[in-house]
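Since the structure comes first, as structure tokens, the remarks are kept for the end.
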Amino acid sequence: MKIVHAASEMFPYLKTGGLADVTGALCKSLSRFGHDISFFIPGYRKILESPVFSKAKLKVVLQVELGDEFLRGEVYAVPIGKRQTLYIIRCDEFFDRSNPYGSANRDYSDNDRRFIWFCKAIVEAMHVLELKADIFHCHDWQTGLAPLFLRTVEQEHGISLALKTFFSIHNLAFQGLFPSGSFRFTNLPDEFNELDGIEFYEQISMIKGGIFFADKILTVSPNYAKEILTSDFGSGMEGALTVREEDLVGIKNGIDYDVWNPETDAFLPTNYSSKNLAGKKVCRKKLLDTVGLSDTEKPVYGIVCRLTEQKGLDFILKQMSFFVENDCRLVVLGMGDPFYERALKRWAKSHPKIIGVCMVLDEGLSHLVEAGSDFYLMPSIFEPCGLNQMYSQRYGTPPLASDVGGLHDTVVDIRENEETGTGLLFQPELKEFDKALNYSLELFSSNDTMEKIRRNGMLKDFSWTNVVKEYENLYSESL
Ligand code: ADP
Ligand code: GLC
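What follows is the structure, encoded as structure tokens:
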């Protein structure tokens with residue numbers, strides 16, 4: 109199949125979170141299965157400065173209408189492997205910035221114009237380059253309006269750009285909501301600024317464009333696909349999603365085994381496998397040294413995430429005394445909400461040998477945390493899929509995770525199933541998190557149980573090989 113993907117992030121070119129890991133691995137796997145993949149991404153500064161851009165060739169120059177002006181865009185193409193082409197849409201006024209979405213913890217004030225323009229530019233580029241896709245598949249709010257623009261351009265010119273359009277929701281909490289006045293940048297007829305269009309409580313919603321106008325809506329785990337139909341998890345979109353329920357499908361993410369493999373991982377001081385876990389101890393020592401923590405007989409807990417409410421940071425902060433009183437260690441790698449950053453820094457300062465906090469974006473250290481910790485913490489309030497709990501299982505580090513979203517679909521509680529258990533699941537409540545932490549101390553005191561639970565996790569199949577078949581089936585059934 110000829111498949112065009114579009115998103116704001118793709119590993120290894122630009123990553124702020126799991127979206128990048130997933131688009132990168134999904135496209136690579138689809139291309140390995142013989143499909144012809146094109147991928148559209150904005151020309152962010154990080155990409156313009158990367159080696160991939162030095163190999164890219166200018167393909168077309170676009171003039172993209174945005175309200176009452178036209179803005180120039182340049183489309184560069186670079187082949188990746190045998191069957192992938194990366195299309196970088198350059199518009200320096202919008203994307204040549206140090207961060208993709210905002211700075212100093214505030215969104216850029218022109219994100220409406222930036223991403224409405226990006227959606228239009230993708231469709232315009234597909235038109236001019238005559239890409240004619242079987243499947244057009246875009247991800248998250250930044251590309252939410254593309255399925256709608258695609259159909260309007262097809263109608264206007266009497267052409268076909270894609271047979272079927274797919275829209276993936278990676279996180280419904282980010283919706284691309286802008287004041288109603290931003291609608292004019294779409295140049296769409298007013299009828300689209302209504303309840304069955306992209307209007308959302310007197311604002312416009314870019315994610316609603318994907319929800320209403322794509323042929324199929326995907327999300328990143330079966331459990332989250334059910335949850336988002338309820339008011340507890342639907343972020344106000346449950347009504348719109350219920351209208352599209354028949355076309356809503358949840359496919360659990362995979363993880364990239366080329367990147368996340370303890371047997372070959374070059375970020376680790378030594379490698380290890382489920383047959384020989386000796387190297388894991390070396391990684392633990394290296395992690396403690398790197399973060400400046402002292403050794404202990406008790407468990408080391410690790411967490412790598414955006415420091416936001418979603419990731420359960422309130423639970424972590426309320427449980428800090430658990431780590432201190434039980435002589436455990438806690439390593440946090442993450443950046444985000446200044447409130448959480450300040451609170452964590454205070455704890456690290458008052459307990460420098462017990463609590464280590466690294467507020468940087470560090471791919472290598474994230475691998476070391478997965479490998480060197482004894483348990484991985486993921487007390488998320490909601491979690492569309494989550495990748496770290498899968499990375500940690502693969503690295504023999506049992507996760508303690510909330511029983512929500514994709515965490516429910518990817519972790520087996522050892523208390524529920526002694527034979528296949530890979531971690532602990534709990535309801536996202538403080539007392540349940542507390543119980544799980546205390547239970548993990550018990551688990552840790554038994555070497556046999558720890559060995560078993562580690563191996564169970566390491567032997568689980570989280571590879572994209574199976575996941576990609578589900579995408580393939582869905583794509584081909586839709587044609
Ligand atoms: P989300 O996409 O909601 O942030 P995921 O668990 O799906 O959560 O994916 C997060 C990804 O971002 C993981 O690959 C994780 O390791 C990575 N990550 C988050 N914060 C950092 C950081 N400070 N340094 C390195 N990697 C990070
Ligand atoms: C989002 C979600 C996360 C998911 C990732 C990749 O950022 O918060 O749960 O794993 O997208 O799909």
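Quick note: the sequence shown uses this note's numbering, first residue 109, plus one each step. Glycine residues also receive a C-beta, built at the ideal position from the N, C-alpha and C atoms.
Can you determine whether any heavy atom of ligand 1 sits closer than 7 Å to the C-beta of serine 474, and answer yes or no?
yes
Examine ligand 2 and report whether any of its heavy atoms sits within less than 7 Å of the Cβ of leucine 495.
Yes; taking the cut-off as 7 Å, the Cβ of leucine 495 has a heavy atom of ligand 2 nearer than that.
Given this structure, state the Cα-to-Cα distance separating alanine 115 from glycine 266, to the nearest angstrom.
26 Å
Backbone secondary structure at arginine 563 - three-state DSSP
helix
Using 7 Å as the cut-off, classify the Cβ of glutamate 433 as near or not near the heavy atoms of ligand 1, replying yes or no.
no
Rounded C-beta distance between leucine 469 and leucine 485? I'm assuming under 8 Å.
Contact flag wrong, Cβ pair sits at about 19 Å.
Under the assumption that serine 548 contacts phenylalanine 483 (Cβ atoms under 8 Å), give the Cβ distance between them as a whole number of angstroms.
5 Å
Who does glycine 531 pair with in a DSSP beta bridge?
Asp521
By Cβ distance, which residues of its chain are closer than 7 Å to aspartate 511, with the 5 residues on each side in sequence left out?
Leu533, Phe534, Gln535
Contact defined as beta carbons within less than 8 Å: I believe proline 370 pairs with arginine 153. What is the distance between those atoms, to the nearest angstrom?
Actually they are not in contact, since the Cβ atoms of proline 370 and arginine 153 sit about 33 Å apart, beyond 8 Å.
According to DSSP, is valine 130 part of a helix, a strand, or is it coil?
helix
Beta-carbon proximity list for histidine 459, same chain, < 7 Å, skipping 5 on both sides:
Val432
Would a C-beta distance cut-off of 8 Å place valine 408 and leucine 396 closer than the cut-off?
yes
Given proline 287 as reference, the closest of Phe274, Asn581, Glu310 once Cα atoms are compared
Glu310
May I have the straight-line CA-CA distance separating cysteine 436 from glutamate 550, to the nearest angstrom?
Cysteine 436 and glutamate 550: Cα-Cα distance of roughly 13 Å.
Short check: CB of methionine 314 to CB of phenylalanine 223, under 8 Å?
yes
Ordered list of alpha helix (DSSP H) runs contained in the region 463 to 520, each at least 4 residues
471 to 480, 496 to 502, 513 to 518
Reduced DSSP category for histidine 245 - H, G, I as helix; E, B as strand; rest coil:
strand
When the distance is taken between beta carbons, is phenylalanine 141 closer than 8 Å to glycine 362?
no
Thinking just about the alpha-carbon of each residue, which of Thr518, Leu421, Ser276, Arg352 is nearest to the one in alanine 128?
Closest by alpha carbon: Ser276.
Serine 162 by DSSP, collapsed to three states: which one?
helix
With the cut-off set at 8 Å, would you say cysteine 493 and valine 328 are in Cβ contact?
In contact: cysteine 493 and valine 328 (Cβ atoms closer than 8 Å).
Please look up how many angstroms separate the CB atoms of isoleucine 336 and leucine 280, rounded, as I've assumed it's under 8 Å.
Your pair isoleucine 336 and leucine 280 checks out as a contact, with CB atoms roughly 6 Å apart and the cut at 8 Å.
Pick out whichever of Ile197, Ala479, Asp355, Arg214 has its Cα sitting closest to the Cα of glutamate 232.
Ile197
Limits of the unbroken alpha helix (DSSP H) element including phenylalanine 282
Run containing phenylalanine 282: none; DSSP gives neither H nor E here.
Please report the distance separating the alpha-carbon of lysine 383 from that of valine 169.
55 Å
Would a C-beta distance cut-off of 8 Å place phenylalanine 293 and arginine 221 closer than the cut-off?
yes
Closer than 7 Å to a non-hydrogen atom of ligand 1 - does that hold for the CB of leucine 594?
Given a span of 109 to 587 for the chain in the structure shown, any question on residue 594 remains unanswerable.
Backbone secondary structure at aspartate 542 - three-state DSSP:
helix
Quick check: does the Cβ of histidine 235 come within less than 7 Å of any heavy atom belonging to ligand 2?
Between ligand 2 and the CB of histidine 235, the shortest heavy atom gap is not smaller than 7 Å.
Do leucine 174 and tryptophan 249 come within 8 Å of each other at the CB atom, strictly closer than that value?
no
Burial state of threonine 338, where buried means 16 or more other Cβ atoms lie within 10 Å:
exposed
Glycine 442 CB to nearest heavy atom of ligand 1 below 7 Å
Taking the Cβ of glycine 442 as the reference point, at least one heavy atom of ligand 1 falls within a distance shorter than 7 Å.
Does DSSP classify alanine 374 as helix, strand or coil?
coil
Leaving out five residues on either side along the sequence, give the residues of the same chain with a beta carbon under 6 Å from the beta carbon of arginine 214.
none
Where DSSP assigns a beta bridge to isoleucine 598, which residues make up the other side?
Nothing about residue 598 can be read from this structure; the chain reaches only from 109 to 587.
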